[in-house]
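Input: a single structure, listed below in structure tokens.
There are 2 protein chains.
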Amino acid sequence: MENNKNTIEVCFSPRLYEDRLTHENFIVVIVDILRATTSICSAFDNGVKKIIPVASLDEAREYKKKGFLVASERDGIVPDFADFGNSAFNFMTPEVVGKTIVYSTTNGTHAIEMAKSAEKVVIGAFTNLKPLAEWLAAQDKNVVILCAGWKNKFNLEDSFFAGALVESLLEYPNFRLFCDSATVALDIWKTGKENMLGYIEKALHRHRLKRMGLDDVLEYSFTLNSTNVIPVMENQHIININKNEKTE
Amino acid sequence: MENNKNTIEVCFSPRLYEDRLTHENFIVVIVDILRATTSICSAFDNGVKKIIPVASLDEAREYKKKGFLVASERDGIVPDFADFGNSAFNFMTPEVVGKTIVYSTTNGTHAIEMAKSAEKVVIGAFTNLKPLAEWLAAQDKNVVILCAGWKNKFNLEDSFFAGALVESLLEYPNFRLFCDSATVALDIWKTGKENMLGYIEKALHRHRLKRMGLDDVLEYSFTLNSTNVIPVMENQHIININKNEKTE
Chain H
1 MENNKNTIEV CFSPRLYEDR LTHENFIVVI VDILRATTSI CSAFDNGVKK
51 IIPVASLDEA REYKKKGFLV ASERDGIVPD FADFGNSAFN FMTPEVVGKT
101 IVYSTTNGTH AIEMAKSAEK VVIGAFTNLK PLAEWLAAQD KNVVILCAGW
151 KNKFNLEDSF FAGALVESLL EYPNFRLFCD SATVALDIWK TGKENMLGYI
201 EKALHRHRLK RMGLDDVLEY SFTLNSTNVI PVMENQHIIN INKNEKTE
Chain U
1001 MENNKNTIEV CFSPRLYEDR LTHENFIVVI VDILRATTSI CSAFDNGVKK
1051 IIPVASLDEA REYKKKGFLV ASERDGIVPD FADFGNSAFN FMTPEVVGKT
1101 IVYSTTNGTH AIEMAKSAEK VVIGAFTNLK PLAEWLAAQD KNVVILCAGW
1151 KNKFNLEDSF FAGALVESLL EYPNFRLFCD SATVALDIWK TGKENMLGYI
1201 EKALHRHRLK RMGLDDVLEY SFTLNSTNVI PVMENQHIIN INKNEKTE
């Protein structure tokens, strides 16, 4: 019966997370395409061992003093104590392989923090779309897709990804649409999917990155299924639970 | 210059109103297609003199004791003390002509309350779309379209209307898109505009109304430009400032 299927719900902003319809038995997918969740997938794809997401810069600085590698950005600026910033390219260097990285960003880690009471929290990006959908389908739980947005505002790229994930999940028989947000996200995706980079030209944040010279990573961020990683939260850390990743 | 144009911004939920980019020199358009803003336009089109929006049922009950006509609904249910509910059809009877009506609903009056510190607050519906756009273009202010949603959740019908209004405003040279929400609202509208009632079949609230037998007003709610009314807030009341309305 249709009502026995697991629900798919989309929150277009962290502000809308507390109003979600689903309150039990759910997995949260965190989405911050530009840039945290794309970067986290990139990190694991390149052999990072563990990521410790922290919400505040103070916390990140404390970890740095203890000798951890720290990745951080605020509004596109890398704090002076951090080892590198938030671009997916920063996580592709030999120095990160096998390491634990402490990670704090403008939007992404805030969303992760907010979702941590859910049964499971997983990281979603275009680069791991299909493996993620397959893994979610195997969990037999309701899915809440939480778009990190930009400082709590709706943003186009995260909503666009939410629609892509909705479409991929609906290919499995155990899911159903559950809210208008998911319905609309799917329409957004269908509007732009044939020309992803062209569609994303309309996004404000894409231009924000361009102004700051941070848009070199754009094409990579909108590449579908380049990795098999499934980064999930476990004991306040993010690890990759997919044993089929390329680099280990 | 493009940056000298007035901005158009969309808030998909009251929860997102405080995060809006525009904080000065703006007019708020309240949108609650099913049903408050459609009903308010209907009321003025049918000769209602004034509407007093109140957020709480207690306040509505007090007005009733003083002899006012009271329209109210909570989750589609009309409280026992109210004269009638929230359907646009309730405001088309001879008994309301020339009257002041006290009005409290699930979502719409909450959004009105939230917006009241803006320079101007105006009521938008498909039924007054073009006259509203024309009036907004004449004001030379930034526009924030505030979707009432359903209990703070994103909803399809209000976002669909937001897109229609964005399209109508962009026909005037003094407006520019300002946020991803407005960009996406426009795409939603373009996806569904050729078959409005077909598109809105996907909306959850449309089915909520159907289950309660309250969906008779659906076709009316998605009729374009059937009235010239421009309902605006003035001293905590809503009045119609368009002198070209049909019934006076």
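Keeping their order, the protein sequence lines are chains H and U.
Counting from 1, position 179 in the first sequence corresponds to residue 179 in my numbering; the numbering is continuous, with no gaps.
To get my numbering, take the position in the second sequence, counting from 1, and add 1000.
Think of the CB as a built atom: it goes at the ideal place given N, C-alpha and C, for glycine as much as any other residue.
Predicted model, so just to flag it, every value in this text is computed and none were measured.
Span separating the alpha-carbon of residue i from that of residue j
i       : j       : result
H:I101  : H:V54   : 10 Å
U:E1248 : U:K1141 : Note that U:E1248 has pLDDT 39, beneath the 50 cutoff, so the model's placement of it is unreliable and the number below is only indicative. Going from the Cα of U:E1248 to the Cα of U:K1141 covers about 28 Å.
U:L1034 : U:A1071 : 15 Å
U:E1245 : U:D1045 : Reliability of the predicted coordinates at U:E1245 is poor, the pLDDT of 48 falling under 50, and no value is obtained from them.
H:S196  : U:L1218 : For the record, residue 196 of chain H in the displayed sequence is Met; it is not Ser. Roughly 35 Å between the two C-alpha positions.
H:K193  : H:Y199  : 8 Å
U:D1075 : H:D75   : 41 Å
U:E1018 : U:D1158 : 18 Å
H:G47   : U:A1115 : 50 Å
U:T1038 : H:N235  : 50 Å
H:G213  : H:F91   : 18 Å
H:Y172  : U:H1023 : 44 Å
U:E1134 : U:S1221 : 20 Å
U:A1138 : U:L1170 : 13 Å
U:E1062 : U:P1079 : 13 Å
H:R211  : H:G85   : 16 Å
U:S1056 : H:Y103  : 45 Å
H:F161  : H:H110  : 18 Å
U:N1003 : H:D32   : 28 Å
Residue j beta carbon less than 7 Å from that of residue i
i       : j       : result
U:G1108 : U:A1036 : yes
U:S1181 : U:F1026 : no
U:I1030 : U:I1112 : yes
H:E9    : H:C179  : yes
U:L1021 : H:R15   : no
H:V143  : H:L136  : yes
U:E1073 : U:T1105 : yes
H:L69   : H:D58   : no
U:A1088 : U:V1028 : no
H:T7    : U:K1202 : no
Beta-carbon contacts of residue i that lie in its chain and below 7 Å, excluding the five residues immediately before and after
i       : result
H:C41   : I123, A125, T127, N128, T227, V229 and P231
U:K1049 : G1098, K1099 and T1100
U:N1005 : The residue asked about is misnamed: residue 1005 of chain U is Lys in this sequence, not Asn. Answer for U:K1005: N1174, F1175 and R1176, listed in chain order.
H:K130  : S168 and N225
H:D153  : Just to set this straight, residue 153 of chain H is Lys in the shown sequence, not Asp. Result list for H:K153: S13, in chain order.
Integer Cβ distance of residue i from residue j, believed to fall under 8 Å
i       : j       : result
U:N1155 : U:H1207 : About 12 Å; that fails the 8 Å criterion.
U:G1149 : U:L1186 : Their Cβ separation, rounded to whole angstroms, is 18 Å, which puts U:G1149 and U:L1186 out of contact at 8 Å.
H:F81   : H:K64   : 5 Å
U:I1238 : U:I1077 : The Cβ separation is near 23 Å, so there is no contact.
U:A1043 : U:V1096 : 7 Å
H:T223  : U:T1191 : Not a contact, Cβ separation roughly 26 Å.
Other residues of its chain near residue i: CB distance less than 8 Å, five sequence neighbours each side excluded
i       : result
U:R1215 : As written in the sequence, residue 1215 of chain U is Asp, which differs from the Arg given in the question. Here the set comprises R1206 and L1209.
H:V166  : I8, V10, I145, L177, A182, A185, L186 and W189
H:K151  : T106 and N107
Close Cβ partners of residue i (< 6 Å) along its chain, the five nearest in sequence each way excluded
i       : result
H:M233  : V121
U:L1132 : G1124
Residue-level contact to chain A via CB, residue i, 7 Å cutoff
i      : result
H:T100 : No chain A is part of this structure, whose protein chains are labelled H and U.
Residue i Cβ short of 6 Å to the ligand PLP heavy atom set
i       : result
U:K1190 : Absence of the ligand PLP from the depicted structure is noted, as is the absence of any ligand whatsoever, leaving it without description.
query = In the segment 11-76 of chain H, which residue ranges form an unbroken alpha helix (DSSP H) of at least 4 residues, counting only runs that do not cross its ends?
reply = 36-45 and 57-65
query = In chain order, which continuous runs of the beta strand (DSSP E) of length 3 or greater are located wholly inside the segment 64-133 of chain H?
reply = 69-72, 100-104 and 120-124
task = Tell me the start and end of each unbroken beta strand (DSSP E) in the segment 1128-1181 of chain U that is at least 3 residues and wholly inside, in chain order.
result = 1142-1147 and 1175-1177
inquiry  = To test your reading of the DSSP string, which unbroken beta strand (DSSP E) runs of 3 or more residues are found completely within the segment 182-235 of chain H?
reply    = 231-234
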